[in-house]
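Novice: So the number in this note's numbering is just where the residue sits in the sequence shown, counting from 1, plus 28.
Note that CB positions come from ideal geometry on N, CA and C, so glycine has one too.
Computed from a prediction, not measured in an experiment: that's the story for all the values here.
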Amino acid sequence: MKKHASLQIRMRMNKNRFSARVTVAAGFLLLCAAPGLTRAQGSPPRPPQTHKASPAARPKNDAQPTDDFAGLKYTDDQKEKIDQIHQDMKSRMDLVVKDEKLSPDQKEAMLEGYRRLERGQVFKLLTPEQQREVRKKISARRAAEQEKKKKPSLPK
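(1) Report the option in Val-150, Ala-137 and Pro-132 whose CA atom is closest to the CA atom of Gln-115.
(2) Output the distance between the C-alpha atoms of Ala-137 and Phe-46, rounded to the nearest integer angstrom.
(3) Thr-51 by DSSP, collapsed to three states: which one?
(4) Throw me the rounded Cβ distance for the Met-117 and Glu-140 pair, which I believe falls under 8 Å.
(5) Suppose the cutoff is 8 Å on Cβ atoms and the five residues either side in sequence are ignored; what does the same chain contact list for Val-124 look like?
(6) If I follow the unbroken alpha helix (DSSP H) through Glu-26, where does it start and stop?
(7) Helix, strand or coil, according to DSSP, for Asn-89 in the structure here?
(8) Going by beta-carbon coordinates alone, are Asp-96 and Arg-169 separated by less than 9 Å?
(9) Taking Cβ to Cβ, would you say Lys-109 is nearer than 9 Å to Leu-153?
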């Protein structure tokens, strides 16, 4: 009889422990859900604020980037792969432009990153001779930019 009674007591204690754990878990869930519920009942959602930087804060890139790949003769296979890269990047860039969550500066940074990625992928498709030609154009352009920076502008 004692064994039977102690077994019943132990089962009741296990049930109590289990129900206490369930109660604690439910309390945590309620605490986690409460902020979301109160926000849902509040005022209507406000449109996201866009942070507009002043024109003076942005670096000025008036000149279009030069096409270092201009003048290269591509094979049909290269043309096909380059077109695929352009289409892929265009779809990615369109998504960035349409994304309302990004600030203008964030959009510009992402677009520039995609442009660099695109140029890198196209460069990998080139033959070694084409790559040398592109490198020559890049180094000539950079040298010209350095010369331009070294020359002091004449006062007007």
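Specialist: On the basis of the data shown:
(1) Here the question's residue 115 lines up with position 87 in the sequence shown. Comparing Cα positions, the closest option is Val-150.
(2) As a position in the sequence shown, residue 137 is number 109, starting the count at 1. As a position in the sequence shown, residue 46 is number 18, starting the count at 1. Cα to Cα, Ala-137 sits roughly 53 Å from Phe-46.
(3) Residue 51 sits at position 23 when you count from the first residue of the sequence shown. Thr-51 falls in the helix class under three-state DSSP.
(4) Here the question's residue 117 lines up with position 89 in the sequence shown. Here the question's residue 140 lines up with position 112 in the sequence shown. Contact doesn't hold; Cβ gap of about 12 Å is too wide.
(5) Taking the sequence shown and counting its residues from 1, one reaches residue 124 at position 96. Around Val-124, the same chain offers Leu-130, Lys-135, Met-138, Leu-139 and Tyr-142 as residues with beta carbons nearer than 8 Å, after the five sequence neighbours per side are excluded.
(6) The structure shown does not extend to residue 26, since the chain is modelled only from 29 through 184, so no value can be given for it.
(7) Along the sequence shown, read from residue 1 onward, the residue named residue 89 stands at position 61. With a pLDDT of only 47 at Asn-89, under 50, the local geometry of the prediction cannot be trusted, and the value read off the model is given with reservation. DSSP places Asn-89 in coil when its eight states are reduced to three.
(8) The residue you call residue 96 lines up with position 68 of the sequence shown. The residue you call residue 169 lines up with position 141 of the sequence shown. Yes, they are a contact pair.
(9) Translated into positions along the sequence shown, residue 109 becomes position 81. Translated into positions along the sequence shown, residue 153 becomes position 125. Between Lys-109 and Leu-153, the C-beta spacing is below 9 Å.
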